[in-house]
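Using our numbering, you'd call the opening residue of the sequence shown number 128 and step up by one each time.
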Amino acid sequence: MAALRIEASDDTPSIVLDKEKKHFEISGKSMPEDVIDFYQPVLDWITNYKTDPLDLTEFNFKLVYFNTASSKLILDLLMHFEEIQEGGNDVKIRWHSLKSDEDMQEAGEEYADMVDLDFEFLTY
Numbered sequence: 128m129a130a131l132r133i134e135a136s137d138d139t140p141s142i143v144l145d146k147e148k149k150h151f152e153i154s155g156k157s158m159p160e161d162v163i164d165f166y167q168p169v170l171d172w173i174t175n176y177k178t179d180p181l182d183l184t185e186f187n188f189k190l191v192y193f194n195t196a197s198s199k200l201i202l203d204l205l206m207h208f209e210e211i212q213e214g215g216n217d218v219k220i221r222w223h224s225l226k227s228d229e230d231m232q233e234a235g236e237e238y239a240d241m242v243d244l245d246f247e248f249l250t251y
């Protein structure tokens, strides 16, 4: 399965989805003009990945900001990971945030309440 890599811009996050290297990460700012267009390749990749996931998928969210439109797509991604876990494979979500960014920490906690996944909260 080919890796998906999207370089960050001023308004979009860096995304790495690499099954071979076991590297799954979204980092930076997420406020694309067309959130559906931007995230469609990510959703397509995850949909394909669900057919043959790793025994353990560790996904890192290292976002410093996301807009309302992005928040829905983040939930969609988490729901895909929930389906992977329901299929018998382990999924761990690592939610990274600055110690000073209570809003981002709370956002991660809210997502953890919405889905049945193992969340680890990391601050730096």
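Just so you know, even glycine gets a beta-carbon here, dropped at the ideal spot from N, CA and C.
Note that the structure is a prediction, hence the values are computed from the model and not measured.
Got a sec? Which residues, its chain only, sit under 7 Å from Trp172 by beta carbon, not counting five neighbours each side? Leu131 and Leu144
Return yes when the Cβ of Pro159 is within less than 8 Å of the Cβ of Phe151, no when it is not. no
Per DSSP, which residues does Gly235 bridge with? Please list them. Bridge partners of Gly235: none, in fact.
How is Thr174 classed by DSSP in three states: helix, strand or coil? helix
Span separating the alpha-carbon of Asn216 from that of Asp137: 35 Å
State the Cα-Cα distance for the pair Thr178 and Glu237, rounded to the nearest angstrom. 28 Å
In three-state DSSP terms, what is Asp217? strand
Sort out for me which residues DSSP pairs Leu224 with in a bridge. The displayed chain sequence assigns Ser, not Leu, to residue 224. For Ser224, which the question treats as bridged, DSSP gives the partners Thr250.
What is the DSSP secondary structure of Glu152, reduced to helix, strand or coil? strand
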